[in-house]
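**Student:**
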Amino acid sequence: MKLDPQRLCEILSIAAEEAGRRVRELLSRGVGREEVGVGAAGDRTLRLDLEAEKELLKALRRELGTFSVASEELGLVRGGYPLIVIDPVDGSYNAARGLPFYAVSVAAAYGEHLEDVVAGVVYAPVLDEVYTAIRGGGAYLNGSKLRARAMGYGEPVISVASPRLAGEKPGSVIRQLLSAGFKVRVLGSASLEVCFVASGRLDAYLAPWPVLRAFDVAAALLIAREAGATIRTPKSALGDLEARVSLLVAASPHLLKRIEALMKHAHVGRER
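Okay, so the sequence shown: first residue is 10 according to our numbering, each after it adds one.
#1: Can you give the Cα-Cα distance for ARG194 and ILE93, rounded to whole angstroms?
#2: So what's PRO138 in DSSP terms, helix, strand or just coil?
#3: By how many angstroms is the C-alpha of VAL98 removed from the C-alpha of LEU264?
#4: Use the C-beta contact count for ARG31: other C-beta atoms within 10 angstroms, 16 or more gives buried, fewer gives exposed.
#5: According to DSSP, HIS263 sits in a beta bridge with which residue or residues?
#6: Counting beta carbon pairs with one atom in the segment 102 to 113 and one in the segment 234 to 250, are three or more of them shorter than 8 Å?
#7: Check VAL78 in the structure and name its three-state DSSP category.
#8: Look up ALA68 in the DSSP assignment and give the residues it is bridged to.
#9: Are PRO172 and LYS192 closer than 9 Å when you measure CB to CB?
#10: Which residues mark the beginning and the end of the beta strand (DSSP E) in which ARG53 is found?
#11: Residues in the same chain with beta-carbon distance under 7 Å from TYR102, minus the five sequence neighbours each way, listed in chain order, please.
#12: Rounded to whole angstroms, what's the CA-CA distance from ARG38 to GLU60? Just pull it up for me.
#13: Measure the alpha-carbon distance for GLY120 versus VAL126 and round it to whole angstroms.
#14: Whole angstroms is fine: what's the gap from THR182's alpha carbon to ILE95's?
#15: State whether the segment 11 to 31 contacts the segment 134 to 143, with contact taken as three or more CB pairs (one from each stretch) at a distance under 8 Å.
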């Protein structure tokens with residue numbers, strides 16, 4: 010039996026906030042930054058990643074009982090629907106360095122693809138901001154409804170993902186954006202950056218190279234879509250821990266098309 014999406018979102022919010030508090034508690038004691046291995050997705054794992062994931066799963070099991078999980082650290086574990094898609098600390102390198110830009114991301118889906126996500130939560134512990142959305146029910150920041158909008162003053166502000174490979178050419182991308190009048194930022198937490206587009210703090214988020222996994226942005230994309238943002242991303246299975254995708258999220262269709270045209274001039278393909 011499917012849970013009511015609103016109730017599911019409430020459960021995700023509680024779990025995300027408990028995990029976020031755990032991360033802040035660890036960092037306040039000067040621990041959590043040590044590497045403890047490699048996660049199921051192939052990235053290095055910090056203690057704070059594992060502790061946040063444990064806190065999330067404990068809270069979710071308390072409320073949901075059994076479910077499936079797709080997580081950066083744990084991998085894909087089947088247990089029936091809903092499928093809970095987790096990035097316990099998106100921006101863990103920021104967190105480990107003491108930079109306050111990181112988030113807990115958790116989404117719930119009744120299906121295997123991004124479009125099957127029915128509820129999503131992104132919690133920024135340092136900002137104490139909870140972004141939430143249910144499919145067809147709008148997006149919210151700390152209970153206030155969000156509406157993505159391109160700012161009508163000054164230059165548009167775009168956040169760009171860092172490339173993973175030395176062969177990528179970030180310089181050409183940055184030059185094209187700067188020459189077109191964009192203010193460029195590199196912030197290091199895709200889920201939170203996409204949510205910033207939803208809330209109007211950023212005009213766009215761009216990952217021109219295939220650097221993101223579905224679980225990185227499963228919650229944030231629902232939030233952005235429900236806030237009215239325009240999104241371009243290849244389809245990706247939620248449980249596929251190896252596939253990486255590019256992504257463009259913009260506050261308006263016009264802005265998205267403008268950025269896509271600039272990427273063609275920068276000779277950056279959106280998929281490989």
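From the three backbone atoms N, C-alpha and C, an ideal C-beta is built for every residue, glycine too.
**Tutor:** A quick look at the data gives this:
#1: Taken atom to atom, the span from the alpha-carbon of ARG194 to that of ILE93 is near 30 Å.
#2: Looking at the sequence provided, one finds Glu at residue 138 rather than Pro. Here GLU138 carries a strand assignment [DSSP, helix/strand/coil].
#3: Whole-angstrom Cα-Cα distance: 30 Å.
#4: Within a 10 Å sphere around the beta-carbon of ARG31 sit 16 or more other beta-carbons, which makes this residue buried.
#5: As DSSP reads the structure, HIS263 sits in no beta bridge.
#6: Look at the beta carbons and you see the segment 234 to 250 not touching the segment 102 to 113: under three pairs across the two are nearer than 8 Å.
#7: The answer is strand: DSSP assigns VAL78 an E or B state.
#8: None; ALA68 has no bridge partner.
#9: Contact flag unset, no.
#10: 53 to 55 is the span of the beta strand (DSSP E), which, as asked, contains ARG53.
#11: For TYR102, where only same-chain residues beyond five positions count, the Cβ hits under 7 Å are GLY197.
#12: Rounded to the nearest whole angstrom, the CA to CA distance from ARG38 to GLU60 is 14 Å.
#13: Between GLY120 and VAL126, the C-alpha separation is close to 7 Å.
#14: It is worth fixing the name first, because residue 182 is Val in this sequence and not Thr. Roughly 30 Å separates the two Cα atoms.
#15: Contact holds: three or more Cβ-Cβ distances are below 8 Å.
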